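For reference, the structure discussed in these notes is given below.
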Amino acid sequence: MRDNFIILGILLLLVISLFFLLLRKSDIKVKAPKLGVFGAKIIYTDQKEKSKSSNIKYGGILYSEKYDIQGKPDYIFKKILSRNLIPVELKSGTIKKSDIRPYEGDMMQLAAYFLIMEDVYKKKPKEGRLIYKNYMFIIKNTRKLRQKTRRILGDMREMLKTGEQDVHPSFVKCRYCICRETVCEYYDGRG
């Protein structure tokens, strides 16, 4: 009888764990492309506008002293109620229907904007958006993404210092790279 309660307890824990796993929100949401952000106003753009508003900063480079990086997101929206900042990056390309996810380099660019904005505006963005012609991705600003970005920035600085690079080409990492099969001396074309 006691063994039955133990088994029942274990099963109950497994069901509850599975339930919470299914409820957990993804770090990336996929939606139809749309430029605006509901309940937010534009506070920054690097786009050329014919008529300029005094409430918007136009085209200035954002520089983070803390990370020694700079960038120009296409737009930064500010939520009216929560005051949250949302960087938006427009991409001219499309996403293949067979592999619906943002390109890795674009994710790192958005993550770099997260770091820059946190330093410049003293407020950590909760999410950002990558808008391609056929899909929009809402990317959460997670600790894991920020750590990966800082690690890559460190690797890039080390590579600039030493001139050496630790390269591990693979089909998965290289499949969308614009340098693959053109100027890349490392990719050998094997999958």
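One gets my numbering by counting positions in the sequence shown from 1 and adding 38 to each. Glycine is no exception: its CB is placed at the ideal position from the N, C-alpha and C atoms. As the structure is a computational prediction, the values presented were derived from the model and not from experiment.
Query                                                                                                                                                              : Result
Leaving out five residues on either side along the sequence, give the residues of the same chain with a beta carbon under 6 Å from the beta carbon of residue 151. : 109, 111 and 125
Which residues mark the beginning and the end of the alpha helix (DSSP H) in which residue 188 is found?                                                           : 181-200
Leaving out five residues before and five after residue 90 in sequence, what residues of the same chain have Cβ atoms less than 7 Å from its Cβ?                   : 96
Within 10 Å of its beta-carbon, does residue 148 have 16 or more other beta-carbons around it, so buried, or fewer, so exposed?                                    : buried
Could you tell me whether the segment 168-179 touches the segment 66-78, where touching means 3 or more Cβ pairs closer than 8 Å?                                  : yes
Give the C-beta separation of residue 177 and residue 80 to the nearest angstrom, bearing in mind that I take them to be a contact with Cβ-Cβ under 8 Å.           : Actually they are not in contact, since the Cβ atoms of residue 177 and residue 80 sit about 19 Å apart, beyond 8 Å.
Quick check on DSSP: helix, strand or coil for residue 124?                                                                                                        : strand
Got a sec? Which residues, its chain only, sit under 8 Å from residue 131 by beta carbon, not counting five neighbours each side?                                  : 141, 170 and 171
Would you kindly check if the distance between the Cβ of residue 144 and the Cβ of residue 129 is under 8 Å?                                                       : yes
Buried or exposed: where does residue 116 fall if 16 or more other Cβ atoms within 10 Å of its Cβ makes it buried?                                                 : buried
Which residues does DSSP list as the beta-bridge partners of residue 134?                                                                                          : Partner(s): none; residue 134 has no beta bridge.
Secondary structure at residue 209, three-state DSSP: helix, strand or coil?                                                                                       : helix
Quick one: give me the first and last residue of the beta strand (DSSP E) that residue 165 is part of.                                                             : 165-169
Excluding five sequence neighbours on each side, which residues of the same chain lie with their C-beta closer than 6 Å to the C-beta of residue 118?              : 77
Considering only residues of the same chain and omitting the five flanking positions on each side of residue 104, which have a CB-CB separation below 7 Å?         : 157
Which residue wins for smallest C-alpha separation from residue 102, given the options 153, 121, 93 and 135?                                                       : 153
For residue 225, which three-state DSSP category applies?                                                                                                          : coil
Could you give the DSSP three-state label for residue 109: helix, strand or coil?                                                                                  : strand
Does the separation of the CB atoms of residue 146 and residue 190 fall below 8 Å?                                                                                 : yes
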